[in-house]
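Just so you know, the protein sequences line up as chains A, B, C and D, in that order.
For the first sequence, position 93 (counting from the first letter as 1) is numbered 92 according to numbering that gives the first Met the number 0, and the numbering increases by one without interruption.
For the second sequence, position 296 (counting from the first letter as 1) is numbered 295 according to numbering that gives the first Met the number 0, and the numbering increases by one without interruption.
For the third sequence, position 150 (counting from the first letter as 1) is numbered 149 according to numbering that gives the first Met the number 0, and the numbering increases by one without interruption.
For the fourth sequence, position 17 (counting from the first letter as 1) is numbered 16 according to numbering that gives the first Met the number 0, and the numbering increases by one without interruption.
Glycine included, each C-beta is placed from N, C-alpha and C at the ideal position.
This report refers to the structure that appears directly beneath it.
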Amino acid sequence: MSGVPASAFLSLALILFCIGLYGALTKRNTVIVLVSIELMLNAVNINLVTFSKYGMMPNITGQVFALFAMSVAAAEAAVGLAILFALYRNKKSVNIDEMDAMKN
Amino acid sequence: MDLSYVLTLLVFFPVLGMVVLAFIPNTQEKTIKLVGFLATLPTLLLSLAVYFHYLAGKSLEDFSVMKHWIQFGGFGEMDKNFFAVHYELGLDGFSMIMVLLTSIIATLAAVASIHIKKEWKGYFMLFLLLEVGMLGVFAAENLILFFIFFEITLIPMFFLIGKWGYFEKERAAYSFLIYNGLGSAVLLIVIMVLFARTGTSNIDVLAQIVNNPDQQMMAPISDTMKFGLLFALLVAFGVKLPIFPLHTWMLRVHVQAPPSIVMLHSGILLKIGAFGLIRFGMGIFPEQFKTLGLLLAILGVINLLYGAFLAFVQKDFKMVLAYSSISHMGIVLIGLGAMNEAGIQGAIFQVVSHGLISALLFFLVSVFYERTDTTLLENLGGIAKGMPIAAGFLLAGAMASLGLPGMSGFVSEFMAFLGLFEEMPWVAAVGAIGIIMTAVYLLRAVLGITFGKSHREFTGITDLRKVEWVPVITLMALIVLIGVYPSVLSEPLKTTLDAIMLGLGG
Amino acid sequence: MENAWIIPLFPLLSFLFLLLFGKRFKESSAYVGMLLTFASLVYSLLVLFERFSSPTYKQEGVWLTIGDVQLTAGFEVNQLNALMLVIVSLVSFLVHTYSKGYMHGEERFPVFYAYLGLFTFAMLGLVLSPNLLQTYFFWELVGVGSFLLIGFYFYKDEAKAAAKKAFIMTRIGDVGLLIGMILLFWQVGSFEYDAIFAAVAAGEVAQGMITLTAILIFIGAVGKSGQFPLHTWLPDAMEGPTPVSALIHAATMVAAGVYLVAALFPLFTASDVALTTIAVIGAITAIFAASIGLVQTDIKRVLAYSTVSQLGYMMLALGSAGYVAGVFHLMTHAFFKALLFLAAGSVIHAVHTQNIEEMGGLWKKLRVTGPLFLIGTLAISGVPLFSGFFSKDEILIAAWEGGHPILFLLAVIAAFFTAFYMFRLFFMVFTGKSRSEMKNVHESPSLMTLPMIVLAVLAVVSGYVNTPWFGTFLGDWLVEGNEALGHGHVEGPAWIMIVATVVSLAGIYLSWLIYGKKSLSRNWLGAQTLYKVLYNKYYIDEFYSMTIVKVTKGFSHFLRYIDTYLVEGIVLGVTAFVQTLGRLGAKLQTGQVQTYSAVAFIGLAILMVIFALTGGYL
Amino acid sequence: MMSGEFIAFMGIALVAVIGGVLLLNLSNVMHMMVALVFTFVSIAGIYVLLSAEFVAAVQILIYAGAITIIMLFGIMLTRHEDTSEAPGSSWRKFAVFLGVLGFAAVLYFGIYNLDLPQMENTLHEKNTMQIGEALYSKFVIPFELTSVLLLVALIGSIMLAKKDDEKEGDKE
């Protein structure tokens, strides 16, 4: 039916995941790091949905899982941002390299 | 008759001694020493019983015990033995001899512990724990159990050296722990790889599976992998043995630990290295081991000569003995390197023989040290005047050590060289220099202590006390027995050797 | 003969008994030793006589099994062994008796007898061995007995050094023997003499291998018999009690090397190179030791060098294929040299010094010892009608027939030297002015003189068992039934005997001129340098200590530096490396989650790449 | 091969990747967020291509709508003018870049070899209904748990954001 092979979707997911990963590991602004993590989650969602369609036994479970992942991601974004605000109030900065409380 | 409880009893009896000791107040020196000594006796009697059981022509398999212990993963439903660790103890000819040797030397070392001057309670408890570890190492039938016992020996040794040793005891204890800890880490890796790859840790089963690719249920183990594992084993046991250049820790232990502990250390613990190499190296990877023959032989010759030349210039008698241990372990390697029956038998003989001889020599060291407060050669001399019997035994021990016929050292040395000369005459010829050097350094040291002008302060010293006679006579008798009638050892070894030779394809 | 194994057990019993209970017996332990060695002697004689009438007897049992190979132990009584048994047990018994007097008052008297027992046991075991392994076994034990007895006066530094030297020097030879033996084993598949000879005769062993093993085994003999260049221990071994010198370092143990070569004679004859080596070494040793003996002033050292020289003689004989000559001289030498040593012991016992410069005019004071010493001297010098004459004559004939004119010449010169220095010794000790400080000189007790008398008788008559005039009984008997050993007696030109006689008489005459009549200057050597060289034994000891000992020590110290700096250094380096790594790791702990996760991720990526490249499994 | 669907995929994918790359390369934080919206929306397009219309709708609602807005608020409420990258961390960037590259290569290697045959499926028919049926029958417990999670997140966020206020208030 579809002319697009599964590996194309997977490749796209991979690229997005890698972009997210790179962003999460290198960006200095904490908000952007959070956003990058969201992007990674998105990439995973693409995989889930892809396999829901192209798996050995296509069924709806993959899509349901993607939905769950999204709701968790939304919750995570909210909590993450709340933590960020708390930190910002103390440090007056959102730069991730200034968050080294674990060091001491 | 069900005899399967015997080994468990044999191995864990010293624990009972520990429990009893725990209830004795630390001030009662005599009681503690007596209990400590008595606690080693049942083990000794049991191992003798096992030996006679064997001599009576009955099978050693009567003693094998196997209890289900730990199961990894859900494989138990498929096969009860798959990824399971059993509590399995068992003996073959070789390990029976090692268990016997351990129990004998442990009892004698307990006698030698009369020279310990403080904290008897802690000392004996650790001592007994150490004995459990050593016995377990030899009786264990699978690698994981082996490793557990192997580690059990490390901890008491560390404290025994660190607390009851001489001046640099802490340093010695730490270098002991670090070297051996690293060795065990490497060993653990090997064990885990084998376990993960085959789903079993039983030594005999492993030996079968590793060498028959069609029996391997999972991904086959490539030859490269086998080499890697064998090499890791060589390193792990090479630390114990010790193989040059992994030997420096052992010098410190020999010099700093209390002599009764060195009796055990030099007599048994070093032998675990040889035991492991033969049992696991040769047993599990025979084909790969075979290709290492030349390497082992050369390492052996290096050990032999290196130890001998260095022993020649040492100033401390204990150092001389330490280097002599290195040198003698070279003979074990030479025998193994030869890869033929004579060589391997020689190596095993050397293991036993050196165990006895070094225990004897270190016992005498403790006797001399107690009376003269020194082991420096320049401070000693003319001891034979004051204590002729001890001096005589020292001389006899040295003679045994340098391979005098009629004593155990000769048989092993002879067989090891006999084996190596068949395979690699040139390497063996170089190694033969070691025989001369052994005589040179031992005579230098021993004659330096016993012969010559007597120091004035040594004139009033007493000769061997009654208690001290026991270890000396026992060890000497065993040394001579093996030297004159080696069949007492070679008969039990026969089956083990045959199995090894079969594996080596010879 | 079936019970010949019991012969060595008597002395072993003596050893064990005296070691355990000797303290209680004090000096009466001598009787234990004497009794048991006497039992050995009687039994040996029985075995010898039985051997005259019956063939070689051999019995063996399995000693050790190595795979398919069975190493055996047992005993064998053949001609040579039977003869050696008697020689050893006889000399041993006589020395046991003699020592009762000589060692009187010694604190460690029982120990001495115990050691003597050990040595006798080992020596008897050695001569009964049917295979090389067992020979080696006892060979080493003999060395230990010798070592213990040399170091008997353990509190003397010289004795300690001498014992150590003796052990190590012979050990060097022993290693040669061991290697040779093992190589031979892998060629033949057995340590049995019979099997070895059979294989050699059948040509199963390559010629080069025969030569190699023969020479290696000969090195063992060189060490034990004090041949050049491993001879230096033997003169030093004179630090031991004199009876010991007589037993071990004259009659028995040092002859073991000769015995070994004789026992393995078929192996040696299979290789011309090996034979020539033996002959050359023997000849060199003979002349070399004799020349040193010319100037020594210690009575025992003169005898020691004479022993070395005579052993060289025996080797020369064997090397020239003179099997009978060698064994014959071994026997006669055992008697007369033991006699000489015991007599020397008697002299020392009387005057309490070993320096012959301090002796003189003892002939009148030692009415028994003097003539006995003279007999020994005449015998060793090869004066006709004494035993040494016949055996030396055999050797000269063998050397001549062996086709080595130079070796023959050397042997003749050595014979001349021998006669000269032995009579020098005799004249200096027994003639001339008696020293004033020696007043309390008295003859030794009969316990000491009796053994000497027995030996003196043997020194005179033992030569007649194998003479050109009264039949060559010994020679014929020795080679009976074994062609490989050569002919029993080799008829040599008659002039050789005359030469030998003339040479020895000339030596005696010259010696008399210098030391007896004193009509010639004692500085006969003229040049001081030559004298010095000889007196210092060609500086061989110094040479060894300058080279081998120094090199060994140097090498050891070098290794010690390696051990303390390089090996320990590596360890330190590893420690430092780990520490640095730890510090680096600590630096990595920035407290930033991002860094941590970056590191973790990079690690993961590396692992993944590795697994992908290797296909997952190694 | 060049079916309409494929062209659609290529176009959407291009937009998504460009959005991602812009996220990495833009210097202004606000611009980054905008670039990301493109990515999120195109991912929704991808879902449509994968017969997941409902998920696509949710994607637009949650990501392009909710999360992006929250993040924008986050940026604006904090100091966002600081756009300079930390000095001296270039080695780390490079290492991470290499790591990501290796990681991607390995995974791509895996994906490339993957050959999934397409099965007959009925996902596109009444997609929302199917999801609803699954959610309320098979996954009802996780679904309820999700609501709990969201509640927890809600309360937690409020607490986190408020708590310090009170503390500061106390201090003052």
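- For Glu167(B), no alpha helix (DSSP H) encloses it, and the DSSP letter there is neither H nor E.
- Around the beta carbon of Glu130(B), a 10 Å sphere encloses 16 or more other beta carbons of the protein chains shown; the residue is thus reported as buried.
- Listed in chain order, the beta strand (DSSP E) elements of length 3 or more contained wholly in the stretch 397-453 of chain C amount to none.
- Per the coordinates, the alpha-carbon of Ile45(D) lies some 24 Å from the alpha-carbon of Leu25(D).
- Residue range 68-76 is occupied by the beta strand (DSSP E) that includes Ala72(C).
- By the neighbour-count criterion, in which 16 or more other beta carbons inside 10 Å mark a residue as buried, Ile115(B) falls on the buried side.
- Rounded to the nearest angstrom, the Cβ distance from Phe102(D) to Ala575(C) is 34 Å, too far for a contact under 8 Å.
- Phe96(D) reaches chain A at Tyr21, counting residues in chain order whose Cβ is nearer than 7 Å.
- In the three-state DSSP reduction, Met436(B) falls in the helix class (H, G or I).
- When rounded, the separation of the alpha-carbon atoms in Ile31(A) and Ser596(C) is 16 Å.
- In this structure, Phe190(C) is the residue among Glu541(C), Gly462(C), Phe425(C), Phe190(C) with its C-alpha nearest to the C-alpha of Thr71(C).
- Taken atom to atom, the span from the alpha-carbon of Leu40(C) to that of Thr119(C) is near 11 Å.
- When 8 Å is used as the limit between beta carbons, Phe600(C) is near these residues of chain A: Leu20, Leu24, in chain order.
- Around the CB of Ser390(C), 16 or more other CB atoms lie within 10 Å, so the residue is classed as buried.
- In this structure, DSSP gives Asp372(B) a state outside helix and strand, which the three-state scheme calls coil.
- In terms of beta-carbon proximity, Phe138(D) lines the interface with chain A, with at least one pair separated by less than 8 Å.
- Ala585(C) has a beta carbon lying at 8 Å or more from every beta carbon in chain A.
- Take the alpha-carbon of Ala160(C) and the one of Ile561(C): they are about 29 Å apart.
- The residue from Asn126(D), Ser2(D), Leu159(D), Ala34(D) with its alpha-carbon nearest to that of Ala55(D) is Asn126(D).
- At a Cβ-Cβ threshold of 8 Å, Leu148(C) and Ile247(C) count as neighbours.
- Residue state for Gly172(C) is assigned as helix, using DSSP reduced to three classes.
- The three-state reading of DSSP puts Val192(B) in helix, counting H, G and I together.
- If you compare the alpha carbons of Gly66(C), Trp362(C), Leu12(C) with that of Leu496(B), the shortest gap goes to Gly66(C).
- Within the stretch 206-233 of chain C, the runs of alpha helix (DSSP H) at least 4 residues long that lie entirely inside it are, in chain order, 206-223.
- As DSSP reads the structure, Thr199(B) sits in no beta bridge.
- Excluding the 5 residues flanking it on each side, Glu169(B) has same chain C-beta neighbours closer than 7 Å at Gly161, in chain order.
- In summary, Trp425(B) is exposed, with fewer than 16 beta-carbon neighbours lying within 10 Å of its beta-carbon over all protein chains present.
- For Gln58(C), DSSP records a beta bridge to Phe74(C).
- Interface criterion met: the Cβ of Gly66(C) is under 8 Å from a Cβ in chain B.
- Glu87(B) has Met65(B) as its beta-bridge partners, per DSSP.
- Non-local beta-carbon contacts of Gly502(B) in its own chain, meaning distances under 6 Å to residues more than five positions away in sequence, involve Pro285 in chain order.
- For Ile167(C), the closest Cβ of chain B is nearer than 8 Å.
- In its chain, beyond the 5 residues on either side, Lys314, Asp315, Phe316 have a beta carbon closer than 8 Å to the beta carbon of Leu375(B).
- Against chain D, the CB of Val43(A) has no partner CB under 8 Å away; the residue lies outside that interface.
- Residues are counted here when their Cβ sits less than 7 Å from a Cβ of chain C; for the stretch 296-314 of chain B these are Tyr305, Phe308, Leu309, Phe311, Val312, given in chain order.
- Counted as a single uninterrupted DSSP element, the alpha helix (DSSP H) harbouring Gln287(B) occupies residues 285-290.
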